[in-house]
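Before any comments, here is the structure.
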Amino acid sequence: MINNMVFAGENVDVKQEGTKNFENEKNVKPEQLSVEMQEAKKIVDALKGTAEEMIQRLQNNEGSLSDDELAQFENGLNEIISRLTVPLDKFAGKLNLAETDQVRVEEGLTQLKKSREAATGVSLDKNEGWKAHVDRTRGMSEKKANEVRAAQEILKGFKSKLESSVENIGRRKKEKQDKKNDGIAKESEISTRKAINDISRSIMDRAKIDLEQQVGEFDAFKFVNLEGSIDKARKKSEELDAAAPATGLFSKGKFVLPDGKKITSDELTKLKFENKEELDRQTREYVSPEQMIVNKRKSYVDEIMREAGKKGYLDKLVSGDREKREAKIFEIRNSISEVVSSALAEYERRLSSKIGKKRDFING
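Start counting the sequence shown at 1; every next residue gets the next number (the UniProt record's numbering).
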């Protein structure tokens, strides 16, 4: 195309052989520049009626559409989108050709300029005729590319609108599914927690008989005596610690106890050791009523947790990372502990009453 073009240059002797004037070049007709645009518009017009009707119905009825209806709209819009694939590929090819032609135009102009300058020996850089010829030639190829690009954008914009609607349907479907899953999860959690509570009540109902027997067998006399022995050993420890060095004749190296008795340093050390050993033994043996309840509560909670774990209930409730799992386990244990504490309340009351009565009897 370019090699067959010449221009009306000033002060340039141009050989006309094998060429024709640029003004007579009619390879690209003006009325043909909008063919691509017309083609794109025709494609969109053929599809947009159905698409717009579907989108409008979606917007008007979105909240009441079932999953199947949403899927039908989604499939319908995707079908329209798929029908744009071939024309879009076609316009992409046309644009590639147009852009390739632009490159060839530039190469042709460069070659033409070199050949004319070589033939005349005159630079064309300041030649107005050459500049006009370059502008017209570039303009033709640029206009062609722009027309194809504009037509392509019409199809892309239409496709983008359809894809946006499909994405909205996808989000709506996900929201509905998430809501459904949340409902199922909540129902599952409620039923699972009820099952765990049933396990708790069953175990604690069986435990009541054992607890009543344990209260009956509890030796309150021994318990209160142990409390008294510990108290005496602590007081004795305080007395031994308070022993002061003895004064007076023949008192060197001796200590005086609060009751006035004098003992040697070795005897004091021995008494402290023996008293400490006895106090430690009694302290290890002693379990307060409060600690008894704590121990029993933990024992029953552990038993219930094991049983719930065996039946798979914990796995249904506990999920997520380590921190979330630990928090959930802690929450479940607390919930079970409340049930156990309620069941232990009568045991705790009767045990405290039995110990209190024996204390009153012994302390008289």
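Here a beta-carbon is modelled for each residue, glycine too, at the ideal position from N, C-alpha and C.
Note that the coordinates shown come from a computational prediction; the quantities given were computed from them, not determined experimentally.
About 33 Å separates the Cβ atoms of residue 233 and residue 300, ruling out a contact at the 8 Å cut-off. Distance from residue 239 to residue 257 at the Cβ level is roughly 6 Å; contact confirmed, criterion being Cβ atoms closer than 8 Å.
In the same chain as residue 282, and ignoring 5 residues on each side of it, the C-beta atoms closer than 8 Å to its own belong to 226, 229, 230 and 233, in chain order. Fewer than three beta-carbon pairs drawn from the segment 52-60 and the segment 143-153 are found closer than 8 Å, and the two stretches are therefore not classed as touching. The Cβ-Cβ distance between residue 197 and residue 318 does not fall below 8 Å.
A distance below 6 Å between beta-carbons, with the five flanking residues on each side excluded, links residue 94 to the following residues of its chain, in chain order: 148. A direct Cα-to-Cα measurement between residue 176 and residue 186 gives close to 15 Å.
With the rule of 3 Cβ pairs closer than 8 Å, the segment 281-297 does not count as touching the segment 156-176. The bridge partners DSSP lists for residue 256 are 244 and 262. Counting of Cβ neighbours within 10 angstroms places residue 192 among the buried residues, the total reaching 16 or more. Of the other Cβ atoms in all chains shown, 16 or more fall within 10 Å of the Cβ of residue 145; this residue is therefore buried. Assigned with DSSP and collapsed to three states, residue 134 falls in helix. In this structure, residue 292 keeps its C-beta atom at 8 Å or more from the C-beta atom of residue 211.
Shown here for residue 359: same chain residues with a beta carbon closer than 7 Å to its own, the five before and five after excluded, namely 224 in chain order. Three or more Cβ pairs closer than 8 Å define a contact, and the segment 126-145 meets that threshold against the segment 101-108. Cα atoms of residue 78 and residue 92: separation of roughly 21 Å, rounded to the nearest angstrom.
Contact between the segment 297-311 and the segment 327-337 is present, with at least three C-beta pairs closer than 8 Å.
For the segment 280-319, the full-length alpha helix (DSSP H) segments reaching 4 residues or more read 289-310 and 313-317 along the chain.
Check the Cα spacing between residue 82 and each of 44, 311, 342 and 215: the tightest is with 44.
DSSP places residue 122 in the coil class of the three-state scheme, outside both helix and strand. Rounded to the nearest whole angstrom, the CA to CA distance from residue 336 to residue 275 is 43 Å.
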